[in-house]
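Shown next, in structure tokens, is the structure this report addresses.
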Amino acid sequence: MASAASSLTFILLYGVSYGLVLFIISIGLVITMGLMRVMNLAHGAFAAIGGYIAVSVMTNFGIPFPLAVVAAVAGVVALSVVLERLVFVNLYGAPELDQVLMTIGINFIVIGGLTIFFGPNVYPISLPDYLTGNIDLGIRNFEVYRLFVIVMGLIVVVGLWVMFEKTSFGAKLRAAVDNPSMTRVIGINVNRVFIIAFGIGSGLAALGGAIGAGMLPLEPYYPMKYLVLVLVVVALSGFGNMRASLAVAVLVGIVDTAGRFLVPSFGGFIIYIVLVVLMVLRPEGLFTKRAA
Amino acid sequence: MVTQRNRLGTITVAAGLMLSTAAMADTLKVGVVGPMTGPLAVMGEQWRQGIETFMELNGDTAGDTKIEVVYRDTTGNPANAKQMAQELIVRERVQALVGFGISPSAAAAAPVINEVKIPTFLPHVASPALMEASPYFVRLGQNIATNAEVAAKWARENGMESAYVAVADYAPGHDVANAFKPAFEGAGGTVTGSDNIPLSTVDFSPFAERIAEAQPDMVQLFIPPGAQAVSMVKAMAARGLMENTLIMGQGEAEDSDIQLFDGTIKNFHSAIYYSESLDNPENEAFLEGLQAKFGEDVLPSTFTLGAYDAMALIYALATDMGADFDGDAVMAELAGYSWASPRGKITLDAESREPIQDFVIRRVEDVDGQLRNVVVDTIQQVHPISGS
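As you go down the protein sequences, you meet chains R and D in turn.
Each residue of the first sequence is one higher than the one before, counting from 1 in our numbering.
Each residue of the second sequence is one higher than the one before, counting from 1 in our numbering.
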């Protein structure tokens with residue numbers, strides 16, 4: 001029989017690693033939605049493309065995993081900046097329905113494209129040897145890969161915190177989120193801030209897609225399949241609130257893991273119960289500045 | 001439907017007159033209806049490979065009848081299945097259908113098929129109760145209750161005392177669980193745990209953890225092939241289950257799908273009716289034809305095989321009956337029909353219209369540096385079990 005302590009550490013470790021992958025994938029959408037008020041339902045497509053780029057350069061050119069991840073992020077940032085100028089720029093200020101239709105349409109184009117180029121199946125990733133196997137944490141064994149995901153998640157958290165709080169770009173970004181017109185008035189090029197933020201957000205999605213591929217397998221339907229989870233995180237985070245989205249993503253990971261582990265038959269519902277309760281109690285998102 | 005049938009009759013008569021006056025070679029159209037695109041596209045793609053391989057090897061005529069295949073894409077949506085079956089029957093005037101990626105699609109189309117008595121060959125759909133929906137359904141796969149029972153008996157004979165049942169939480173998963181448990185317990189084993197895994201599951205590690213804690217001798221698994229199966233196997237491997245526990249599935253690790261997994265799939269067992277490694281002349285010809293047409297690295301699955309065998313039956317029928325199939329005559333001819341398939345000897349059970357065939361227990365092993373299913377045991381001529 002497993003001890004309660006072992007079960008608890010299982011839920012925490014696996015929940016946190018799962019939650020952090022969700023965080024890395026979702027945070028870009030939290031930022032761009034907060035900033036540009038664009039409901040980009042194609043955000044998951046950037047994660048999928050990132051994952052596919054990483055795996056395809058690994059398998060076709062034998063490029064090591066870390067470099068493949070860098071290539072994926074760079075590729076998606078470049079792609080997303082182009083798309084931002086060509087497509088998304090038309091959506092700023094457009095009615096929500098237009099945004100939803102357009103970005104869902106992009107999802108279907110990406111799904112079709114991935115199917116044509118990579119086939120309808122799962123696109124398998126072979127993680128490097130140093131990321132496979134288990135490590136003994138004293139209390140229990142834990143997958144090296146998930147530990148790696150946790151570390152990467154924390155690096156992203158720290159990186160974003162530094163960018164938001166300690167750089168002048170972060171200050172401009174926060175200003176643009178809070179009050180875009182005032183920010184324009186004081187001479188900050190908000191459009192440029194938008195492009196950079198959009199690129200960063202998409203790049204983070206690609207990072208999540210690439211390093212999370214061991215947990216969320218790559219397949220053409222990826223952009224739609226994980227959309228609900230991403231939207232849960234976004235909905236509970238509030239506009240552009242990074243701190244909240246970290247907490248929400250980790251909460252989603254832990255609640256989902258605990259739910260499926262403790263009451264497997266209802267495990268799929270528990271996260272939605274939490275979602276409904278939180279949406280009723282805190283419709284503005286967790287940790288919003290306004291009191292609920 | 002009456003008016004439609006009359007109209008269909010009129011068209012048939014008119015077309016028949018035209019054909020007889022023109023005195024051209026008779027053409028029999030076969031309608032293939034199923035997911036050619038969408039999340040289940042792999043099924044349609046592999047059917048097409050099976051069908052085209054058969055036609056490459058056997059030509060496009062059976063006896064004096066030219067065979068023509070018409071495809072319709074349901075995108076995996078059962079709502080489309082009925083409409084497209086209808087369209088194939090009414091507009092394309094197909095004489096036989098091959099199809100349906102999932103059992104609900106076949107059930108949805110059954111009323112149309114029954115109305116016009118079109119023989120319908122099901123390459124792989126596996127719901128035990130499905131055959132009741134139409135007397136014109138012919139199953140070329142299996143019903144999954146049979147696999148589960150074969151697996152349970154084999155596991156008991158091989159010393160497994162305790163079993164954990166982990167199935168996807170939808171009808172086929174429940175069918176597997178309901179067939180496995182009484183068979184395993186009836187043979188003296190104990191089922192120590194049973195989980196219905198929600199289809200929405202993304203991270204499967206909670207289920208792997210539950211199984212690991214229960215420490216069973218074996219796990220009976222049923223997970224939809226593709227991303228879900230890949231994730232579940234990875235999660236089980238991370239807990240060491242692939243090495244220290246007998247993991248028994250069905251179609252999760254088809255030969256054509258093994259490359260979707262990383263090395264973690266090694267040691268995965270399945271109870272199923274086909275393995276690419278089977279050694280018989282029909283299988284050799286099938287593999288050679290498939291790889292000559294679609295490439296050296298293309299491997300067959302039970303999807304490929306089911307469509308291939310459906311064509312074998314249609315060719316045999318067309319040779320006997322010509323281009324005009326009468327549903328009831330076809331079903332009478334097929335009752336007890338036996339032929340040599342790449343899977344070995346197969347006989348259509350007269351009662352259930354399901355195959356009597358060998359089952360294999362296969363295991364994924366490293367063969368010359370490549371992971372492949374290897375047959376570890378064969379259970380001769382298993383009769384279908386009605387799980388409903």
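Positions of the beta carbon are idealized from the N, C-alpha and C atoms, including for glycine.
Contact between the stretch 197-207 of chain D and the stretch 264-278 of chain D is absent, with fewer than three C-beta pairs closer than 8 Å. Not a single C-beta of chain D is nearer than 7 Å to the C-beta of N107 of chain R. Per DSSP, the unbroken alpha helix (DSSP H) holding K181 of chain D starts and ends at 171-186. Comparing C-alpha distances from A253 of chain D to each of D:E68, D:E185, D:E333, D:I361 shows the shortest one belongs to D:I361. Residue environment: Q370 of chain D is assigned as exposed (fewer than 16 neighbouring CB atoms within 10 Å of its CB, all protein chains considered).
For K225 of chain R and A47 of chain R, the gap between their C-alpha atoms comes out near 12 Å. Distance from the CA atom of T53 of chain D to the CA atom of S256 of chain D, rounded to whole angstroms, is 16 Å.
Near chain D, meaning a CB-to-CB distance below 8 Å, the residues of the stretch 208-219 of chain R are G214, M215, L216, P217, E219.
Secondary structure note for T120 of chain D: its beta strand (DSSP E) is the uninterrupted segment 120-122.
The beta-carbon of G34 of chain R is placed no less than 7 Å from the nearest beta-carbon of chain D. Residues of the stretch 189-206 of chain D with a Cβ closer than 9 Å to any Cβ of chain R, in chain order: D195, N196, I197, P198, L199, S200, T201, V202, D203, F204, S205, P206. Closest in alpha carbon position to F118 of chain R, among R:T59, R:I139, R:S237, is R:T59. Pairing F23 of chain R with L218 of chain R gives a Cβ-Cβ distance that is not under 7 Å. With its beta carbon less than 7 Å from one in chain D, P264 of chain R belongs to the interface.
For P120 of chain R, the residues of chain D that pass the 7 Å Cβ criterion are A41, V42, E45, in the order they occur in the chain. Around E56 of chain D, the same chain offers G289, K293 as residues with beta carbons nearer than 7 Å, after the five sequence neighbours per side are excluded. For T115 of chain R, the chain D residues whose Cβ falls inside 8 Å of its Cβ are T37, A41, in order along the chain. Scanning the stretch 273-347 of chain D from its first residue to its last, the whole beta strand (DSSP E) runs of 3-plus residues come out as 338-341.
Restricting attention to R:N134, R:Y52, R:V38, R:G113, the CA atom closest to the CA of V87 of chain R is found in R:V38.
Judged by beta-carbon spacing, S265 of chain R lies beyond the 7 Å limit of N178 of chain D, meaning their Cβ atoms are not closer than that value. In this structure M218 of chain D touches L246 of chain D by the C-beta definition: roughly 4 Å separates them, less than 8 Å.
In the structure shown, Y71 of chain D adopts extended strand secondary structure according to DSSP, grouped into three states. Counting only runs of at least 4 residues, the stretch 62-144 of chain D fully encloses the following alpha helix (DSSP H) elements, listed from N- to C-terminal order: 78-90, 103-116. Within chain R, P124, I125, S126, L127, T132, G214 have C-beta atoms less than 9 Å from the C-beta of D262 of chain D, given in sequence order. Within chain R, no residue has its CB atom less than 9 Å from the CB of V98 of chain D, the nearest being about 19 Å off.
Comparing alpha carbon positions, the residue from R:T257, R:R192, R:I31, R:A68 closest to W161 of chain R is R:I31. Of D:F268, D:T37, D:A214, the smallest CA-CA separation from G112 of chain R is found for D:T37. Below the 9 Å Cβ cutoff, chain R contributes no neighbours of V33 of chain D, its closest Cβ being approximately 18 Å away.
Assignment of beta-bridge partners to A168 of chain D by DSSP yields D:I197. Contact note: S301 of chain D does not reach chain R at a C-beta cutoff of 7 Å; the least C-beta distance is about 11 Å. The beta carbon of V100 of chain R sits closer than 8 Å to those of M39, L41, all from its chain and outside the five residues before and after it, given in chain order. By the rule that beta-carbons nearer than 7 Å mark a contact, A237 of chain D does not touch chain R.
Taking the Cβ atoms as the reference, I150 of chain R lies roughly 18 Å from S6 of chain R, outside the contact range of under 8 Å. In this structure, DSSP gives N147 of chain D a helical state, which the three-state scheme calls helix. At a beta-carbon threshold of 7 Å, none of the residues of chain R lie near V167 of chain D; the nearest stands roughly 11 Å away.
In this structure, the straight-line span from the alpha carbon of D26 of chain D to that of D64 of chain D is close to 7 Å.
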